[in-house]
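Quick note: the sequence shown, position 18, residue 17 per numbering that gives the first Met the number 0, numbers continuous.
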Amino acid sequence: MQDFGGAKLILFIGDRIVVLRRDQKPDIPWPGRLDLPGGGRERDETAEASVLRETHEEVGLYLAGC
């Protein structure tokens, strides 16, 4: 398995895609830009666990894994 730093999710709600605006912090990549839910890996998370956790933190949704 390849190592990874994080994961992103394309989340459809009906015929719409969930898109977020990144924080306006100068110390993060692409501040203020549009982005998909997801983010950095914590400890030994799988890609799936990482993106599900980040989606909950950013959007407030609990999504079931595969």
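Ideal Cβ positions, reconstructed from N, Cα and C, are used throughout, including at glycine.
Cβ separation of residue i and residue j, assumed to be a contact under 8 Å, to the nearest whole Å
i, j, result
"Val-18", "Leu-33", "5 Å"
Opposing strand residues paired with residue i [DSSP bridges]
i, result
"Leu-33", "Arg-20"
"Gly-39", "Gly-5"
Cut-off 7 Å between Cβ atoms - residues of its own chain near residue i, not counting five sequence neighbours on either side
i, result
"Tyr-61", "His-55"
"Lys-24", "Pro-30"
Proximity of residue i and residue j at Cβ, strictly below 7 Å
i, j, result
"Pro-30", "Arg-20", "no"
"Glu-47", "Gly-64", "yes"
Neighbour flag for residue i against chain B, beta carbons, 7 Å
i, result
"Pro-30", "The structure shown contains no chain B; it holds only a single protein chain."
Would you check if there are 3 or more beta carbon pairs closer than 8 Å linking the segment 37-46 to the segment 3-15?
Here the segment 37-46 makes contact with the segment 3-15; the two share three or more CB pairs at distances below 8 Å.
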